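Residue numbers (the working numbering): 3 to 579.
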């Protein structure tokens, strides 16, 4: 219940900005509900006063009133529908912008557990459910409620006995609506959740289609998709079954009204307790009695659909980053100097120890190599230095200050990284390189490209720097993507640079050239080079060797070659000694 109230209160913070427009729209909707009573009453008067009573002089005025009432309803209805649609679009615009901004504040630990398909569903389909509720369901609830109330009042003034007979169906209808409400909401939640799973599956397949084809796994992917699609069908059918289970009973009860009208209404006319005109009015207003009852199921369905989506969106809104600034974060006017110290650092991820009691000190301007087998914690060490995660034990110091005390944006502008997987946006080559420094001149971009050896292939691309690389760098080789990512880091020019397996996809000659560029770019910078190739450590001042999350060796190339250990073994294997 708290979640429901919290979700509604949160959405209300967006809706209330347009409350004057919304109140105007609801007022106009109420006015239309009242206007709906006029034409049936006039029709009854025409029967009694004009056709039977012979007052032919009032026929034209009554007809004109009916025409103007119909035109007035159409104009007013158009006006408030436009108001609600505009309000709903503005509400969703703001919600989507703020949720997207909120997602940018969430850290790696949240993204690790959030399937991209689920996030996409939240920002598209679930938000559209909110839009539909604001644009249509909200005023339909009020309008149908008022039509029902106005019809009861109007009919009661004509004949209370027949009105009471009409009301006999209300209690069983309310019973079925309540039962429907209880069962439909969890059904909607299951549909929304499974739709997110299906979205994730489709997204993964599209992104990984090259891997699928490379391993001839099309049949397997089709089967797994069919499984999720079948699950989505099942929850959707279950959702539909719930509607089908209750709505026919509501419709059947409403279909009893014409029978009641003919039998009991006819009896009252025979007994002269009603006129034919009044019976015609009852017949004309019967829709005003049945429509709201028939709509109850639809409106409850829409409301519960909205509630399910609102709960999911509110859950996203409540997600908080674990990595945040301290009370008074450190921000300097100048860049950091670049001294790095790990002091008894341990890190556990999902209850699995990844780093164990790591300690070392790196002087400013030093170039550090990090070697170790897969899963030894090399990339984790880099992620902790950038404070993408917080250490479980110990502390990391930059210039003698704990990284937790730095302002996050200041820290990450001074500690830059090229990740293992070179991610490129669907943008131009120039746009990808300048991503970390939007104010860079083309000359700076060109210089960074030369250092990263991007210029070796830039002229081979159809439009040079203006070539659109495609989503996630589709169309470029792994080595080309790595070089563009390296150019991006060089252009950003952080004081501490971390190169995580940056040259794994390039040939030996290109790697040698890049090593020289890194050596040149590293002047005055503290650099960490993570690699499986010992040749990458040619210019390193110190090399760290990790095994099973522990720092097992540390020293220069000469010092490590003088020891028996992992570094010497790998060096001998790679140099065929």
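From the three backbone atoms N, C-alpha and C, an ideal C-beta is built for every residue, glycine too.
The structure presented is a predicted model; accordingly, all values stated were derived computationally and were not measured.
On the criterion of 16 or more Cβ atoms from any shown chain inside 10 Å, does residue 303 qualify as buried, or is it exposed?
Buried, since its Cβ has 16 or more Cβ neighbours within 10 Å.
What does the alpha-carbon distance come out to for the pair residue 4 and residue 11?
Any answer about residue 4 is weak, because its pLDDT of 49 lies below 50 and its placement is not dependable; what the coordinates show is given next. In this structure, the alpha-carbon of residue 4 lies about 10 angstroms from that of residue 11.
Is residue 3 helix, strand or coil when you go by DSSP?
At residue 3, the pLDDT of 45 sits below 50, so the modelled position is not reliable and the matter cannot be decided from this model.
Only counting the same chain, and skipping five residues up and downstream in sequence, which positions put a Cβ closer than 7 angstroms to that of residue 432?
Hits under 7 angstroms: 447, 467, 468.
Report yes if the CB atom of residue 501 is closer than 9 angstroms to the CB atom of residue 531, and no otherwise.
The answer is yes: Cβ separation under 9 angstroms.
As an exercise, report each continuous alpha helix (DSSP H) stretch of at least 4 residues that is fully enclosed by the stretch 425-469, in chain order.
DSSP runs (the alpha helix (DSSP H)) wholly in the stretch 425-469: 431-435, 444-453.
Would you mind sorting residue 216 into buried or exposed? The rule is 16 or more other CB atoms within 10 Å of its CB.
Here residue 216 is exposed: its Cβ has fewer than 16 other Cβ atoms, across all protein chains shown, within 10 Å.
Can you round the beta-carbon distance between residue 49 and residue 264 to whole angstroms, since I take them to be within the 8 angstroms contact cut?
Between residue 264 and residue 49 the Cβ distance is about 16 angstroms, and since that is not below 8 angstroms, they are no contact.
Residue 221, DSSP secondary structure in three states:
When secondary structure is reduced to three states using DSSP, residue 221 falls in the helix class.
Buried/exposed call for residue 311, threshold 16 Cβ in 10 Å
When all chains shown are included, residue 311 counts as buried.
Report yes if the CB atom of residue 97 is closer than 9 angstroms to the CB atom of residue 121, and no otherwise.
Taking 9 angstroms as the Cβ cut-off, residue 97 and residue 121 do not qualify as a contacting pair.
From residue 356 to residue 400, what does the alpha carbon distance come to, in whole angstroms?
If you take the alpha carbons of residue 356 and residue 400, they lie about 22 angstroms apart.
Extent of the continuous beta strand (DSSP E) run through residue 191
Looking at the DSSP string, residue 191 is not in any beta strand (DSSP E); the run it does join, the alpha helix (DSSP H), is 172-209.
Under the DSSP definition of a beta bridge, which residues are partnered with residue 355?
Paired residue(s): 350.
Taking C-beta to C-beta, are residue 424 and residue 519 nearer than 9 angstroms?
No; because the gap between Cβ atoms is not below 9 angstroms, this pair is not in contact.
Within this structure, are the beta carbons of residue 373 and residue 101 separated by less than 9 angstroms?
Cβ distance not < 9 angstroms, so residue 373 and residue 101 don't count as in contact.
Nearest to residue 608 by CA position, among 396, 348, 255, is which residue?
Summary: the structure shown does not reach residue 608, with the chain confined to residues 3 through 579, and so no result is reported for it.
Return helix, strand or coil for residue 385, following the three-state DSSP convention.
In the structure shown, residue 385 sits in a helix (DSSP, three-state: H, G or I).
To the nearest angstrom, how far is it from the Cα of residue 8 to the Cα of residue 308?
Whole-angstrom Cα-Cα distance: 14 angstroms.
Sequence-distant residues of its chain with Cβ nearer than 6 angstroms to residue 256 (five each side left out):
Cβ neighbours of residue 256 beyond the five flanking positions: 292, 295, 296.
Rounded separation between residue 459 and residue 487 - CA only:
Taking the CA atoms as reference points, residue 459 sits about 14 angstroms from residue 487.
Using beta-carbon positions only, say whether residue 24 and residue 77 come within less than 9 angstroms of one another.
At a Cβ-Cβ threshold of 9 angstroms, residue 24 and residue 77 do not count as neighbours.
Own chain residues within Cβ distance below 6 angstroms of residue 198, not counting five before or after
Non-local beta-carbon contacts of residue 198 in its own chain, meaning distances under 6 angstroms to residues more than five positions away in sequence, involve 119, 120, 123 in chain order.
Classification of residue 387 by the beta-carbon crowding that lies within 10 angstroms, buried from 16 upward:
Taking a 10 Å sphere around the C-beta of residue 387, we find 16 or more other C-beta atoms and assign the residue as buried.
Are the beta-carbon atoms of residue 2 and residue 396 separated by less than 9 angstroms?
Examination of residue 2 is not possible in this model, given that the chain is present from 3 through 579 alone.
Which residues in the same chain as residue 516 place their Cβ atom closer than 8 angstroms to its Cβ, once the five residues preceding and following it in sequence are excluded?
Result list for residue 516: 454, 455, 485, 488, 504, 505, 508, in chain order.
As a quick exercise: from 21, 358, 253, 208, pick the residue whose alpha carbon is nearest that of residue 93.
Nearest in C-alpha terms to residue 93, of all of 21, 358, 253, 208, is 21.
Using DSSP with H/G/I as helix, E/B as strand and the rest coil, what is residue 420?
When secondary structure is reduced to three states using DSSP, residue 420 falls in the strand class.
Whose C-beta lies closer than 7 angstroms to the C-beta of residue 384 among residues of the same chain, with five residues either side of it excluded?
Excluding positions up to five away in sequence, the list reads 419, 500, 502, 530, 532.
Selected residue, minimal CA-CA separation from residue 178, among 116, 156, 300, 166
If we check each option's Cα against that of residue 178, 300 comes out closest.
What is the residue span of the alpha helix (DSSP H) that residue 519 lies within?
From DSSP, the alpha helix (DSSP H) with residue 519 extends over 510-523.
Counterpart residues of residue 552 in DSSP-defined beta bridges
According to DSSP, residue 552 bridges with 549.
Measure the alpha-carbon distance for residue 389 versus residue 410 and round it to whole angstroms.
Their Cα atoms are separated by approximately 8 angstroms.
Please state the DSSP three-state secondary structure of residue 108.
In the structure shown, residue 108 adopts coil according to DSSP, grouped into three states.
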